[in-house]
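Under our numbering, the first residue of the sequence shown is numbered -6, with each subsequent residue one higher.
Notes follow the structure.
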Amino acid sequence: MDRVALSSLMSNVVVIGLDGNLRSLESGQLPQPGELIIEEVSDTSELIVQQVTPQGSSINVTDDVTALIEAIASGEDPAALGEDFEPAAGEESGSSPQNTGAIDRTGAELLASTNFETVGIDGIGLSTTQALSLLDLFRVINGPVPPTILVQEISSPTINEGDQVVFDITLSQTTEDNTDVILSLLDGTATGGSADENGSDYVNERVLITFSDGTTEEVSVGESGTFTISIPPGESDFTVSIDSIDDSVFEGPETFTLSGTTEEQSTPVTGTATILDDGSGPGSNPDDDRPAVTMSDAGTVNEGETANFKVTLSNASESTVQVELGLNLGDTEVGDLGTLEYNTGSGWVAVPNDGVVTVPAGQTEFDVRIASVDDAVYEGPEDFSVTVTGIGAVQGSDTGTATIVDDGTGPGPDPDDDRPNVTISDAGTINEGETANFKVTLSNASESTVQVELGLNLGDTEAGDLGTLEYNTGSGWVAVPNDGVVTVPAGQTEFDVRIASIDDAVYEGPEDFSVTVTGIGAVQGSDTGTATIVDDGTGPGSDPDDDRPNVTITDAGTINEGDTANFKVTLSNASEAETQVELGLNLG
């Protein structure tokens, strides 16, 4: 019977019978002569032994029992103790047992090796079976109490993803015998698994144990994460090494724990391992799986088409990440573009005012688009761009460019072409002395100024018959410069051109001339406006110019027969070209 069994009976009076068995007295039951009454002193766990006399009284024999047991434990012969071994009859109390030695043999062996069975037992009136029960209860220990080994500390290492996790485990003192340490792995944000298992962050199937002398031992880990290590004598610390698994997925700091106890330890000690893949780990070249962001160019698009960009992350992330999108108009006007949109897999969504886009876990790219607005105004190439900037773990910034064209050079079989074509109207027929008026027209307005070239073609008109060629684009009449170049203001689609004819008294007949307009740069085409100057009375209006000569002839008067009759034919106006008259003789 051990102390545990005794404690379970202590709520009642406990005695050791002559047969050596412990029993609890029932209510009203008295112990028998020779039986031992066992009491446990409150709060000290010390035992007091009283022996029942034949008269029914009790004698405290605690000291005698203690002396006997200590003598047996030290290998002495109780018969040689003499008077020191006699019972202290009549004592009502005694000192508590002193644990001064270790019994490493059974009680029967101890009794057989001494005269205790024949001398010591009789000395205080104990039966052999009672003595054996007392030996078991008092548990006298031969030598010092073995030290209690505890797990004192487990380190909390921080490593780069792909490096080995090494836990340093420190024991409370150096082991004297083989000591079992029970260890347990537990996932935190890091997930344990096999080396080739998708999603595993560390290998939890086996660990490597390294002792202080450098010897190693590979230990398998149970499905629950628990494993036991037998620590040899002379060890006060050791390490547990666990492989982490490197990948290209950004996961951020991830943790798992290693807890340890010994058989004497109820509360485990825990160390936490942190796996880093954000570039902040130890060493000169820490693992860095943080995604870097880039954006493709949309290239050249026709006005009215959509510019498409693609945002790419260099690495997938285990959780959602964010980037910021921004539209840079460049030389494009606000009205030339629609709404900036993105699609991360759930359809097209307008980019919010703050530009922040959340990218789902595991995704490495998404699309961005913006439509250009088609119109009839020629704007020429317009550049704009979209910038993407990483937020938080996402690194870097990049810009995708796009060019909108409406000059016929865009992609596809029918590119948009808003370049203006130039034409000029005819001035028609004018009377000599009047002004010939032309109108130059551009088929499309232009967002910026454009240029055309004007040229005067005299035809069969003499230079002196015409004044100065002039134009008016809205700021008054201006002489066309020598090179003929006229700048047309932005947004304007027509302007006037004029030239005055010179009135004179010479009959010239119809004179044709023209003005040619030719596009420069973006302005396409060429055209000619014609005009005719007339001075023959056929011109427009109620009083057309008429320089045609009238012919008259003078009289010859009276002459002598034989003399010559002289007449003079007169033209009222000179003619630029020769003219003819018809003469006729009337004999009378």
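No residue lacks a Cβ here, since even glycine has one placed at the ideal position from N, Cα and C.
Keep in mind that this is a model prediction, so the values were computed, not measured.
Handout entry: Of the residues Thr59, Ile31, Leu23 and Ile41, the one placed nearest glycine 49, counting alpha carbons only
Key = Ranked by Cα distance from glycine 49, the first of Thr59, Ile31, Leu23 and Ile41 is Leu23.
Problem - Buried versus exposed call for leucine 269 [16 or more other C-beta atoms within 10 Å across all chains shown] - result: Under this definition leucine 269 is a buried residue.
Handout entry: Span of the beta strand (DSSP E) around valine 473
Key = Here valine 473 belongs to no beta strand (DSSP E), and DSSP marks it neither H nor E.
Handout entry: The beta strand (DSSP E) enclosing aspartate 173, as first and last residue numbers
Key = Residues 172 to 180.
Exercise for the section: Closer than 7 Å by C-beta to serine 35: which residues in its own chain qualify, once you throw out the five before and the five after it? Chain order, please. Expected result: Only weak support exists for where serine 35 lies, its pLDDT of 49 falling under 50; the coordinates are left without a value.
Handout entry: Other residues of its chain near threonine 263: CB distance less than 6 Å, five sequence neighbours each side excluded
Key = Closer than 6 Å at the Cβ level, and outside the excluded window around threonine 263, lie Thr250 and Ser252.
Problem - Rounded C-alpha distance that separates asparagine 566 from aspartate 505 - result: When only Cα atoms are considered, asparagine 566 and aspartate 505 end up about 21 Å apart.
Problem - Proximity to leucine 179 [Cα-Cα], best of Asn414, Gly215, Ile162 and Asp173 - result: Comparing Cα-Cα distances from leucine 179 to each of Asn414, Gly215, Ile162 and Asp173, the minimum goes to Gly215.
Practice task
Using only the heavy atoms of the ligand ADP, determine whether one of them is closer than 7 Å to the beta carbon of valine 471.
Solution key: As for the ligand ADP, it is missing from this structure, which has no ligand bound.
Problem - According to DSSP, residues forming a beta bridge with glutamine 315 - result: Assignment of beta-bridge partners to glutamine 315 by DSSP yields Thr351 and Ile384.
Practice task
State the DSSP-derived secondary structure class of serine 89, mapped to helix, strand or coil.
Solution key: Residue placement at serine 89 is flagged as unreliable, the pLDDT there being 31, under the threshold of 50; the coordinate-derived value follows with that caveat. Correct three-state label for serine 89: coil.
Practice task
Could you pull the start and end residues of the beta strand (DSSP E) that asparagine 465 belongs to?
Solution key: 463 to 465 is the span of the beta strand (DSSP E), which, as asked, contains asparagine 465.
Handout entry: Residues that DSSP places opposite aspartate 529 in a beta bridge
Key = DSSP, once it has assigned bridges, lists Asp539 as partnering aspartate 529.
Handout entry: Of the residues Ser307, Thr434, Ser289 and Ala285, the one placed nearest glycine 585, counting alpha carbons only
Key = The structure shown does not extend to residue 585, since the chain is modelled only from -6 through 581, so no value can be given for it.
Practice task
Would you mind reading off the limits of the beta strand (DSSP E) that contains glycine 448?
Solution key: Judged by DSSP secondary structure, glycine 448 falls within the beta strand (DSSP E) whose first and last residues are 443 to 450.
Practice task
Specify the secondary structure class of alanine 95 as computed by DSSP and reduced to three states.
Solution key: Low confidence applies here, because alanine 95 scores a pLDDT of 31, under 50, leaving its location unreliable; read the following figure in that light. It is a strand residue.
Handout entry: Contact under 8 Å by Cβ, leucine 462 with valine 479
Key = Not closer than 8 Å, so no.
Practice task
Would you check if the distance between the CB atom of phenylalanine 560 and the CB atom of threonine 545 is smaller than 8 Å?
Solution key: No. Outside cutoff.
Practice task
Jot down the residue ranges of each uninterrupted beta strand (DSSP E) in the segment 470 to 509, minimum 3 residues, whole runs only, in chain order.
Solution key: Those beta strand (DSSP E) runs which fall completely within the segment 470 to 509 and span 3+ residues are 478 to 481 and 487 to 493.
Exercise for the section: Note the first and the last residue of the continuous beta strand (DSSP E) segment covering asparagine 553. Expected result: No beta strand (DSSP E) holds asparagine 553; DSSP gives it neither H nor E.
Practice task
Please work out which residues of its chain come closer than 7 Å, Cβ to Cβ, to serine 165, disregarding the five sequence neighbours upstream and downstream, and give them in chain order.
Solution key: So the list reads Ile142, Leu143 and Gln145, once near-sequence residues are dropped.
Practice task
Please say whether phenylalanine 160 and valine 233 have beta carbons closer to each other than 8 Å?
Solution key: Yes, the pair counts as a contact, with Cβ atoms nearer than the cut-off.
Practice task
Check each candidate in Ser310, Pro150 and Pro542 and name the one with the smallest Cα separation from valine 387.
Solution key: When the alpha-carbon of valine 387 is set against those of Ser310, Pro150 and Pro542, the nearest one is in Ser310.
Handout entry: Backbone CA spacing between leucine 564 and glycine 532 [nearest angstrom]
Key = Pairing leucine 564 with glycine 532, the inter-Cα distance amounts to about 22 Å.
Practice task
My understanding is that glutamine 315 touches valine 342, with C-beta atoms under 8 Å, so please give their C-beta distance in whole angstroms.
Solution key: Rounded to whole angstroms, the Cβ separation of glutamine 315 and valine 342 is 14 Å, and the two are not in contact under 8 Å.
Practice task
Would you mind working out which of Val174, Asp240 and Val212 sits nearest aspartate 230, comparing C-alpha positions?
Solution key: Out of Val174, Asp240 and Val212, Val174 has the C-alpha closest to the C-alpha of aspartate 230.
Handout entry: Buried/exposed call for threonine 525, threshold 16 Cβ in 10 Å
Key = When all chains shown are included, threonine 525 counts as buried.
Practice task
Look up alanine 183 in the DSSP assignment and say whether it is helix, strand or coil.
Solution key: Coil.
Practice task
Could you tell me whether the segment 396 to 405 touches the segment 287 to 301, using the rule of 3 or more Cβ pairs below 8 Å?
Solution key: In short, these stretches touch, since the Cβ pair count reaches three.
Handout entry: valine 327 classed as buried or exposed, judged by whether at least 16 other C-beta atoms fall within 10 angstroms
Key = With fewer than 16 other Cβ atoms within 10 Å, it is exposed.
Handout entry: At least 3 beta-carbon pairs within less than 8 Å: the segment 409 to 423 vs the segment 434 to 447
Key = Touching, yes, given that three or more Cβ pairs across the two stretches are closer than 8 Å.
Problem - Coil, strand or helix - glycine 75 by DSSP - result: Unreliable positioning characterises glycine 75 in this predicted model, as indicated by a pLDDT of 47, which lies under 50. A coordinate reading is not provided.
Practice task
Work out the CA separation of glutamate 198 and glutamate 228 for me, nearest whole Å.
Solution key: The C-alpha of glutamate 228 lies about 25 Å from the C-alpha of glutamate 198.
Handout entry: Proximity winner among Thr184, Asn14 and Asp189, relative to serine 120 (alpha-carbon distances)
Key = From the listed residues Thr184, Asn14 and Asp189, the smallest Cα separation to serine 120 is found for Asn14.
Handout entry: DSSP-derived helix/strand/coil call for valine 200
Key = Correct three-state label for valine 200: strand.
Handout entry: Three-way DSSP call (helix, strand, coil) for isoleucine 31 in this model
Key = In the structure shown, isoleucine 31 sits in a strand (DSSP, three-state: E or B).
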